[in-house]
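Engineer: Quick note: the sequence shown uses the working numbering, first residue 4, plus one each step. Positions of the beta carbon are idealized from the N, C-alpha and C atoms, including for glycine. Below is one structure. I have some questions about it.
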Amino acid sequence: MAQKIILTGDRPTGKLHVGHYVGSLKRRVELQNSGEYDKIFIMIADAQALTDNADNPAKVRSNIMEVALDYLSVGIDPAKSDIFIQSYVTELTELTFYYMNLVTVSRLQRNPTVKSEIQMRNFETSIPVGFFCYPISQAADITAFHATTVPVGEDQMPMLEQTKEIVHKFNAVYGETLTDPQILLPENKACLRLPGTDGKAKMSKSLGNCIYLSEPEADVKKKIMSMYTDPNHIRIEDPGNLEGNTVFTYLDAFCNDGHFAEYLPEYSCLQELKDHYTRGGLGDVKVKKFLNNVMQEELSPIRARRKEYENRIGDVYDILKKGSETAKHEAEKTLAEVKHAMKIDYFDTPEFLEEQVEKFK
Ligand code: TRP
């Protein structure tokens, strides 16, 4: 049976937030603990982070440990998953260089994620080449580990499509070498793209609309209690609207029937609460308090585990180092396969010399 292998990761440009959690981290931990996967690699994508932060290496450096702590605190277990740092695995850069020959400029220009990121960063007139090529480096990240499964958020879909194209092209040109990966998106629709606490589609540090996994309980509560709801729901008796109502989107993402029994026994499930809200007679504060209970229940063990690891930074360093060495070893093997397929493995087999001797006889 072919092995089942997971590769996924995040850019270390900030602490991870609840959007990362419901969009991908929680699933990774479930997959890890399912015992169905032979190997799991979780990558801190520092080289990719530098493609749009070239002038701010301190930011990337300072977030390596933050992201590692976030991973460990949500339950990524270093005994089951290798957490590694992208730049340590230099083989990834070499793979990227070879894959560049299989992708056209116009194809990269059509990548919707690249397109919107170029706009967001005002790169229109001066796109750094490294940034423009990061979808290719992402194909290297995935294929270097022969990943079969890539659990990520919805925004990564175009990257996976690009990777699959590179895999197909490579295998067609050089012979069956690379593994075709599958994307694994969250099953719950609310988790696909969790909005910011202000109701804006994009969570961002500068907007101050994220709830971070490492945030203290009181700060989380404050953000929940001031969350965006239905601006026309003024008096409790008014019928409320669920559409674009952030509190309910978060409930969709976080709550289950058990939470009602525990914190709001007047209702048996989320649908009943929603019905009451749309009928009128249910105030925002009550719903927000419930959401706070639900989210604190999920976040408090994460915070506690983070504190434990914060007191053992030396151990976290060792986890990263060991994970990076394992990942490098794995990528070395794939790079050798790739170079063999591309017939550029001159010194690794006796064939090159034999051919040349024959030729010059
Ligand atoms: N692009 C991802 C992010 O922004 C990080 C990443 C880099 C990644 N390489 C990857 C994710 C390969 C999955 C697979 O978070």
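Secondary structure at Pro154, three-state DSSP: helix, strand or coil?
Structural biologist: It is a strand residue.
Engineer: Are the CB atoms of Cys258 and Val297 nearer to each other than 7 Å?
Structural biologist: Contact flag set, yes.
Engineer: Pair every Cβ in the stretch 243 to 257 with every Cβ in the stretch 267 to 282, then say whether three or more of these pairs are closer than 8 Å.
Structural biologist: With the cut-off at 8 Å, the stretch 243 to 257 and the stretch 267 to 282 touch.
Engineer: Between Leu75 and the rest of its own chain, which residues show a CB-CB distance below 6 Å, the 5 nearest in sequence each way excluded?
Structural biologist: If we look at Leu75 and ignore the five residues flanking it on each side, its Cβ neighbours are Tyr312.
Engineer: Around the C-beta of Arg64, are 16 or more other C-beta atoms found within 10 angstroms, so that it is buried, or is it exposed?
Structural biologist: Arg64 is exposed by the Cβ-count criterion.
Engineer: Hey, Asp49 and Ile88: beta-carbon distance below 7 Å or not?
Structural biologist: Closer than 7 Å, so yes.
Engineer: For Asp55, does the count of other Cβ atoms within 10 angstroms reach 16, so buried, or fall short, so exposed?
Structural biologist: Asp55 comes out buried.
Engineer: What residue range is occupied by the uninterrupted beta strand (DSSP E) comprising Lys42?
Structural biologist: Note, Lys42: beta strand (DSSP E), 42 to 47.
Engineer: For Asp73, report the span of its beta strand (DSSP E) as first-last.
Structural biologist: Careful: Asp73 lies outside any beta strand (DSSP E), inside the alpha helix (DSSP H) at 60 to 77.
Engineer: Give the single residue among Leu245, Glu120, Thr249, Pro219 whose Cα lies nearest to the Cα of Ser229.
Structural biologist: Here the closest residue by C-alpha is Thr249.
Engineer: Who are the Cβ neighbours of Ala150 in its own chain at under 6 Å, not counting the five residues just before and after it?
Structural biologist: So the qualifying residues of the chain are Ile8, Leu10, Pro184.
Engineer: Using 8 Å for Cβ pairs, my map puts Met46 next to Gly12. What's the rounded Cβ distance?
Structural biologist: Met46 to Gly12, Cβ: 3 Å. Contact.
Engineer: Any heavy atom of the ligand TRP closer than 6 Å to the CB of Gly22?
Structural biologist: No, since every heavy atom of the ligand TRP falls outside the 6 Å radius drawn around the Cβ of Gly22.
Engineer: Where does Leu34 sit, in a helix, a strand or coil, going by DSSP?
Structural biologist: Looking at Leu34 - three-state DSSP - the assignment turns out to be helix.
Engineer: Use the C-beta contact count for Ala52: other C-beta atoms within 10 angstroms, 16 or more gives buried, fewer gives exposed.
Structural biologist: Buried, since its Cβ has 16 or more Cβ neighbours within 10 Å.
Engineer: I need the DSSP call for Leu195, collapsed to helix, strand or coil.
Structural biologist: Helix.
Engineer: Nearest to Ala61 by CA position, among Gly17, Gly156, Glu220, is which residue?
Structural biologist: Checked all of Gly17, Gly156, Glu220; the closest Cα to Ala61 is Gly17.
Engineer: Just tell me which of Leu28, Gly284, Val21 has its CA closest to the CA of Ile239.
Structural biologist: Taking only the C-alpha atoms, the option nearest Ile239 is Gly284.
Engineer: Got a sec: does the ligand TRP put a non-hydrogen atom nearer than 6 Å to the Cβ of Thr11?
Structural biologist: Yes; taking the cut-off as 6 Å, the Cβ of Thr11 has a heavy atom of the ligand TRP nearer than that.
Engineer: So for Phe87, helix, strand or coil by DSSP?
Structural biologist: Strand at Phe87.
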